Amino acid sequence: MGINSESDTSADLQIGPTSLGAVRLFIVSGGTEIPMDFTPEEAEEIADEIRSCAAVARSVKAKR
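Residues 4 to 67 in the numbering used here are what the sequence shown spells out, letter by letter.
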């Protein structure tokens, strides 16, 4: 599966700060839990990438 592959799989995403000063993305799908910790700087880089991708996605016409 890649970025452009559609899927019926669903997951829950929680985002928040940890008590150790990290930013955690916590993903739950079925019985699988994936905690991903990032430094504040890494989290800001990820946020910038998400904003950039959102801007590109707005300019793409959906093919449905």
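All residues carry an ideal CB built from backbone N, CA and C; glycine is no exception.
This one's a predicted model, so the numbers in the text were calculated from it and none came from an experiment.
Residue i vs residue j beta-carbon contact at 8 Å
i	j	result
Pro38	Phe29	yes
Asp40	Ala50	no
Arg27	Thr35	no
Met4	Ser10	yes
Coarse secondary structure for residue i, derived from DSSP in three states
i	result
Ser22	coil
Ile6	coil
Asp51	helix
Nearest candidate by alpha-carbon position, reference residue i, set the options
i	options	result
Lys6	Glu45, Arg61, Cys56, Pro20	The amino acid at residue 6 is misidentified as Lys; the sequence shows Ile. Nearest C-alpha to Ile6: Cys56.
Gln17	Val31, Met4, Ser10	Val31
Check: residue i C-beta below 7 Å from any heavy atom of the ligand HEM
i	result
Ala60	With respect to the ligand HEM, the structure shown offers nothing to examine, as it has no ligands at all.
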